[in-house]
Amino acid sequence: MKSFHSDTMKPTLKTLKLIPENKETPIHFLRNWITPSEYFYRRNHFKYPEITPQSFLLPIYGHVEAPLVFHHSYLKSMPSKKITMVLECSGNKRTYFEPKAYGEQWEDGAISHGIWKGVTLKSLLDMVVVKHGAKEIVFIGHDKGTRTDMEGIFHYARSLPIDVALQPDVLIAYELNGSTIPYEHGYPLRLIVPQWYGMASVKWLKEIQIIDHPFKGPFQTVDYVYYPHKANDLDARPVTNIKINSIIQQPLDYSILDTGTHEICGIAWSGHGSITTVELSFDNGSTWIKAKLSVDPKQKYSWTFWRYLWNVQKKGEYTILCRAEDSSGNVQPFEAEWNKKGYGFNAVYKVHIKIE
Ligand SMILES: Nc1nc2c(c(=O)[nH]1)N[C@H]1C(S)=C(S)[C@@H](COP(=O)(O)O)O[C@H]1N2
Ligand SMILES: [Mo]
């Protein structure tokens with residue numbers, strides 16, 4: 001008979017939708033600091049695009065002195081850079097909003113951590129010579145389709161303000177975790193924007209356009225906007241940097257454990273700096289105890305694993321809370337800021353445990 005702990009038992013991605021393909025990483029079961037590509041979450045707005053010879057060409061044009069078309073093989077011959085970073089969908093944890101928000105009901109797994117290799121976007125923008133007055137850089141993907149709220153066919157397209165686009169760690173990437181970027185994750189060329197929610201990192205790059213006015217595409221002005229009021233669109237602001245956040249990986253919610261010592265472990269991350277503290281509370285937030293972090297100070301955009309050894313002798317029900325703090329002083333709030341489209345859920349994380 002096969003042992004229960006057979007190494008053929010592997011976690012799998014969890015399917016939310018098949019077309020377009022939306023799948024969560026089995027985040028509670030991953031202990032790898034780098035998420036293996038086969039466990040990377042997948043978030044798509046349209047069906048996968050076809051890859052043609054055209055997909056290996058990257059035109060950069062618009063408000064520039066010298067428009068150029070870069071070939072994939074030329075980009076690979078240029079000086080390269082590697083960035084290790086969290087990629088998190090702004091809809092991660094949407095399912096926890098009360099009242100519920102429409103959209104993919106992601107639990108905790110719309111997040112992964114990988115090593116991207118490519119050329120800096122800045123080096124390409126320097127070659128085309130951006131003209132004075134340029135405001136935004138628009139990144140257009142090969143994938144396209146219809147929307148339920150508007151007539152027409154749309155490509156997935158997003159812009160970055162020029163000062164963000166010129167940051168030296170924004171990449172045009174061609175490798176993930178030491179291999180060619182998998183098809184699902186943007187092969188052959190993908191934009192990589194550290195510290196921003198995943199929507200900014202446009203996959204299957206088709207072209208880059210420099211403009212002297214704000215970009216108005218629906219993935220910029222309709223989606224990926226925080227609308228804090230249910231009844232109207234007042235106080236709307238764009239979704240940008242990843243909020244301070246964490247999860248408890250183990251024990252799982254509603255676990256039954258025995259008395260003794262249990263390892264509580266999890267992950268914390270932020271798009272506003274590194275993680276400085278992770279705290280747990282066993283008394284609904286009256287007192288907090290620091291967890292032990294495994295931080296690598298060289299890694300600016302990485303997530304942080306943490307753990308705490310919990311000795312429990314008293315039988316009964318417990319709620320364990322977890323909250324993280326980053327180097328900019330952001331702390332997870334008790335309640336996430338509700339918004340119509342359900343982005344950026346980052347309330348203090350909770351698991352319920354019974355000791356018997
Ligand atoms: N071309 C294109 N790029 C895209 C998307 C898309 O649908 N099409 N989805 C975005 C969103 S919302 C997220 S969260 C990330 C997901 O990247 P992944 O599927 O590689 O995990 O890609 C972003 N880039
Ligand atoms: Mo996303």
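For the sequence shown, the UniProt record's numbering assigns the number 1 to the initial residue and increments by one for each residue that follows. Even for Gly, the Cβ is constructed at its ideal location relative to N, Cα and C. Just so we're clear, the structure is a prediction, and the values are computed from it rather than from any experiment.
Residue i vs residue j beta-carbon contact at 8 Å
| i | j | result |
| --- | --- | --- |
| Glu107 | Lys93 | yes |
| Arg323 | Glu279 | yes |
| Gln313 | Thr84 | no |
| Asp223 | His272 | no |
| Ile248 | Tyr349 | yes |
| Ala200 | Ile162 | no |
| Lys168 | Thr240 | Reading the sequence as shown, one finds Pro at residue 168 and not Lys. Going by C-beta atoms, Pro168 is not nearer than 8 Å to Thr240. |
| Ile208 | His63 | no |
| Ile242 | Val86 | yes |
| Trp310 | Ala268 | no |
| Gly198 | Ser90 | yes |
| Ser123 | Met78 | yes |
| Arg147 | Pro218 | yes |
| Phe70 | Tyr156 | no |
| Leu68 | Val128 | yes |
| residue 357 | Pro49 | Shown here, the chain extends from 1 to 356; a query on residue 357 therefore has no answer. |
| Lys230 | Lys340 | yes |
| Phe139 | Leu191 | yes |
Own chain partners of residue i with C-beta closer than 7 Å, once the 5 adjacent residues on each side are dropped
| i | result |
| --- | --- |
| Phe4 | Confidence at Phe4 is low in this model, with a pLDDT of 45, below 50, so its placement is unreliable and no value can be given for it. |
| Ser6 | Any reading at Ser6 needs caution, since the residue's pLDDT is 48, under 50, leaving its predicted position unreliable; the model's value is listed next. For Ser6, where only same-chain residues beyond five positions count, there are no Cβ hits under 7 Å. |
| Pro238 | Tyr224, Val225 |
| Thr276 | Glu325, Asp326, Ser327 |
| Asp233 | Tyr227 |
| Phe282 | Tyr318, Ile320 |
| Ala110 | Glu24, Tyr41, Arg43, Glu88, Cys89, Gly91, Asn92 |
| His213 | Lys135 |
Among the options, nearest to residue i - alpha-carbon criterion
| i | options | result |
| --- | --- | --- |
| Leu257 | Glu317, Ala165, Val128 | Glu317 |
| Val193 | Thr180, Ala165, Leu205 | Ala165 |
| Gln54 | Thr95, Lys17, Leu189 | Leu189 |
| Glu21 | His113, Glu184, Pro99 | Glu184 |
| Pro251 | Thr319, Ile289, Thr35, His63 | Thr319 |
| Thr12 | Ile19, Pro99, Ser37 | Ser37 |
| Gly178 | Trp116, His132, Gly141 | Trp116 |
| Asp126 | Glu65, Phe29, Gly109 | Glu65 |
| Gly141 | Ser159, Arg147, Asp149 | Ser159 |
| Leu16 | Arg43, Asn32, Leu30, Trp33 | Arg43 |
| Trp288 | Leu321, Lys315, Trp303, Thr304 | Leu321 |
| Ile51 | Lys144, Ile355, Asn284 | Lys144 |
| Tyr61 | Ile137, Arg31, Leu18, Lys82 | Ile137 |
| Lys354 | Ser270, Gly329, Asp253 | Asp253 |
| Asn32 | Leu191, Pro182, Gly114 | Gly114 |
| Lys195 | Tyr174, Phe345, Val295, Ser270 | According to the sequence shown, residue 195 is Gln rather than Lys. Checked all of Tyr174, Phe345, Val295, Ser270; the closest Cα to Gln195 is Ser270. |
| Leu293 | Gly329, Ser246, Trp338 | Ser246 |
| Phe154 | Gln220, Ala101, Leu58, Ser80 | Gln220 |
| Ile34 | Leu176, Leu18, Asn330 | Leu176 |
Unbroken alpha helix (DSSP H) run spanning residue i, endpoints
| i | result |
| --- | --- |
| Lys122 | 121-128 |
| Ile162 | 162-165 |
| Gln220 | 218-221 |
| Leu75 | 72-77 |
Spatial neighbours of residue i in its chain, beta-carbon cut-off 8 Å, leaving aside the 5 residues before and after
| i | result |
| --- | --- |
| Ala347 | Tyr96, Gln332, Pro333, Phe334, Glu335, Ala336 |
| Met1 | Its pLDDT being 38, under 50, Met1 is placed unreliably in this model, and the value from its coordinates should be taken loosely. There are no such residues. |
| Pro297 | Ser274 |
| Phe29 | Pro11, Gln249 |
Boundaries (first-last residue) of the beta strand (DSSP E) holding residue i
| i | result |
| --- | --- |
| Lys292 | 292-294 |
| Gly62 | 57-62 |
| Asp326 | 316-326 |
| Lys82 | 81-88 |
| His142 | 136-145 |
| Ala268 | 260-269 |
| Val312 | 304-312 |
| residue 359 | The first residue shown for the chain is 1 and the last is 356, placing residue 359 beyond what the model contains. |
| Ser281 | 275-281 |
| Arg190 | 190-192 |
| Thr15 | 14-17 |
Close beta carbons around residue i, own chain, < 6 Å, minus the five adjacent residues each side
| i | result |
| --- | --- |
| His72 | Phe56, Pro188 |
| Tyr39 | Thr25 |
| Tyr308 | Ile264, Leu280, Ala291 |
| Thr261 | Leu309, Asn311 |
| Val202 | Phe139, Gly141, Arg158, Leu191 |
Please list, in chain order, all residues with a C-beta atom less than 5 Å from at least one heavy atom of ligand 2. Arg43, Cys89, Gly198, Met199
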